[in-house]
Amino acid sequence: MEKITVNDLKDIVIGATFLGSGGGGSPENGLKLVEEISKLTKELTIVSPEEISDNDQVAMIAGMGSPVALKEKGFGPEAIYAFEGLQRLYGWLGVGFKYIMPGETGGFNTITPMYVAAAKKLTIVDADGTGGRAVPDLETTLYYIYGIPTSPFVLADRNGNIVIGWTKDPMDAPTCENVARGVTVAFGMLSGLGTWVVTGHQIKTCLEPNVVARSRSIGRVIREAKKKRRDPVKEVLDVVKGYELIRGKIEKIETKTIAGFDFGRTTIKGSNGYEGKKLTVDFKNENMIAWKAEGEPAAMVPDLIALMTLDGNPLTNADTKEGMKISVIAMPASEKWRKNPKCFEPWRPILEKIGYKGNYIPLEKLQR
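Numbered according to the working numbering, the sequence shown spans residues 377 to 744.
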């Protein structure tokens, strides 16, 4: 058990934004939620998965929708209403929640359940269901590939309107995704989401531990690099054991929002030792695949592809602008992804739409 302070939360926002791989919500929104948390409490309690019993029930609350809409509109009440709806739903079964956890890692969605924890006096479990990254769909998760039901789920808007979804097959995450996206669009492209109530045993065996601690560590490294005027990109690379794919200037960004998703492509022209090179990154909210040339991938999901400015600000795809000088860093996916034989199946339909028809190639092989 550990106490985390408001200053810790600020480091967590920055580190989680980096790990969010272009999604997971803008750090601007995450820091706004940190401000709201500071009005409710001076510190939060967090535990590792090993500290809870196998039978403990743990809630998950996240924000769902377009990162652009999130940045424009802000967020808060949606999460509280979603938790209250989830609590009422499971209260019928006699379940009362004292633990809550992030569903994914990102500058906003790591903080969202912490805001609920502050408001409802809950304890945070240091884990997520996506392998320490952000994801675009309910099926692009560890929950899905390890057989944890997505249904029932709760969606709420900022006015307290709540929709509860049930699917005939509780494992049918794609249908849950389609329904949840439709509701989220009706709610103005943003909603609070509650689903994936899991046991302590499921967290320990299927999900990703210590993602909050990792986010805090990365955020602290970035903060200290800025303070000591060191190269923040190099400092982060040393911590995450990743690969720098390119440094350069964002030459072009093409985006469009369709059915609650931000689709697009970012083109980076190399400099700072990468002169004469270009890298393109295709994204669906999160960065899906990076190309060093047409038909030649440099990295792909479930491995992580992160963007950060050369002066040390991690970026979501809602924050990038043409002309920015950035580094693109790729990192191997967690072993919870890689050791599962189904690890690429949820991502395949997305990459096929983008234009990649092959199988998963691990980052290390692509970088040889």
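Even glycine gets a Cβ: it sits at the ideal position worked out from N, Cα and C.
Rounded to the nearest angstrom, what separates residue i and residue j at their Cα positions?
i    : j    : result
I681 : T551 : 27 Å
R592 : R641 : 29 Å
K632 : Q743 : 30 Å
V657 : I644 : 8 Å
K610 : L566 : 36 Å
P489 : K715 : 28 Å
L727 : V511 : 13 Å
L583 : A549 : 17 Å
V555 : V612 : 38 Å
I730 : P546 : 29 Å
K741 : K474 : 43 Å
Y519 : N405 : 25 Å
E651 : I702 : 14 Å
G734 : E672 : 11 Å
V382 : V410 : 7 Å
A562 : W723 : 26 Å
R534 : G461 : 13 Å
K544 : G479 : 23 Å
A589 : G564 : 33 Å
R599 : I500 : 24 Å
Y732 : F639 : 15 Å
Answer yes or no: do residue i and residue j have a C-beta to C-beta separation smaller than 9 Å?
i    : j    : result
V587 : T481 : yes
S397 : R509 : yes
G570 : P453 : no
F459 : I476 : yes
L683 : I665 : no
I521 : K697 : no
G401 : L446 : yes
V615 : I629 : no
P738 : D687 : no
V389 : G483 : yes
E662 : N693 : yes
E419 : I456 : no
Q433 : T575 : yes
G568 : M440 : yes
Given that a residue counts as buried once 16 or more other Cβ atoms are within 10 Å of its Cβ, and exposed if not, what is residue i?
i    : result
S442 : buried
M436 : buried
V530 : buried
K660 : buried
R605 : exposed
G399 : buried
A669 : exposed
G505 : buried
N485 : buried
K746 : The requested residue 746 does not occur in the structure, where the chain is confined to residues 377 to 744.
V471 : exposed
L498 : buried
D430 : exposed
L514 : buried
L395 : buried
P725 : exposed
E448 : exposed
L655 : buried
With a CB to CB cut of under 6 Å and the five nearest residues on each side skipped, what residues in its chain are close to residue i?
i    : result
G646 : I622, G624, K653
P708 : D679, L739
I413 : Y491, A494
M676 : I665
N648 : R623
W713 : G507, P678, C719
V559 : L531, V539
Y619 : A706, Q743
Y736 : F720
Going along the chain, which residues of its own chain have a beta-carbon closer than 7 Å to the beta-carbon of residue i, five neighbours each way excluded?
i    : result
E427 : M377
L416 : A494, A495
I585 : Reading the sequence as shown, one finds Pro at residue 585 and not Ile. So the list reads S424, P425, D502, A503, once near-sequence residues are dropped.
Y466 : V573
K408 : G450
R464 : none
S710 : G507, G508, E584
T517 : G505, T506, V511
Q578 : I524
D695 : S402
E553 : D513, L514, E515
Leaving aside the five residues before and after residue i along the sequence, list all residues of the same chain whose C-beta is less than 8 Å from its C-beta, in chain order.
i    : result
M700 : K625, I626, T685, L691
W542 : S527, P528
D384 : R592
A674 : L621, L655, A666, W667, K668, A706, L742, Q743
K602 : P608, D687, G688
I'd like to know if residue i contacts chain D, where contact means its C-beta is closer than 9 Å to some C-beta of that chain.
i    : result
L395 : Of the protein chains in the structure, only one exists, and it is not chain D.
Next item on the list: May I have a chain-ordered list of the beta strand (DSSP E) segments no shorter than 3 residues that lie completely inside the stretch 430 to 469?
Entry: The qualifying runs are 433 to 441.
Item checked: Entirely enclosed alpha helix (DSSP H) segments - the stretch 499 to 565, minimum 4 residues -> Segments of the alpha helix (DSSP H) lying fully in the stretch 499 to 565: 518 to 521, 549 to 562.
Check: Curious, which full-length alpha helix (DSSP H) runs of at least 4 residues does the stretch 594 to 672 contain?
Finding: As far as the stretch 594 to 672 is concerned, its whole alpha helix (DSSP H) runs of at least 4 residues are 608 to 616.
Notebook entry, point to check: Curious, which full-length beta strand (DSSP E) runs of at least 3 residues does the stretch 679 to 722 contain?
Noted result: 680 to 685, 701 to 707, all fully within the stretch 679 to 722.
Next item on the list: Please list the segments of the alpha helix (DSSP H) lying wholly inside the stretch 381 to 430, counting only runs of 4 or more residues, in order along the chain.
Entry: List check, alpha helix (DSSP H) in window: 382 to 395, 403 to 416.
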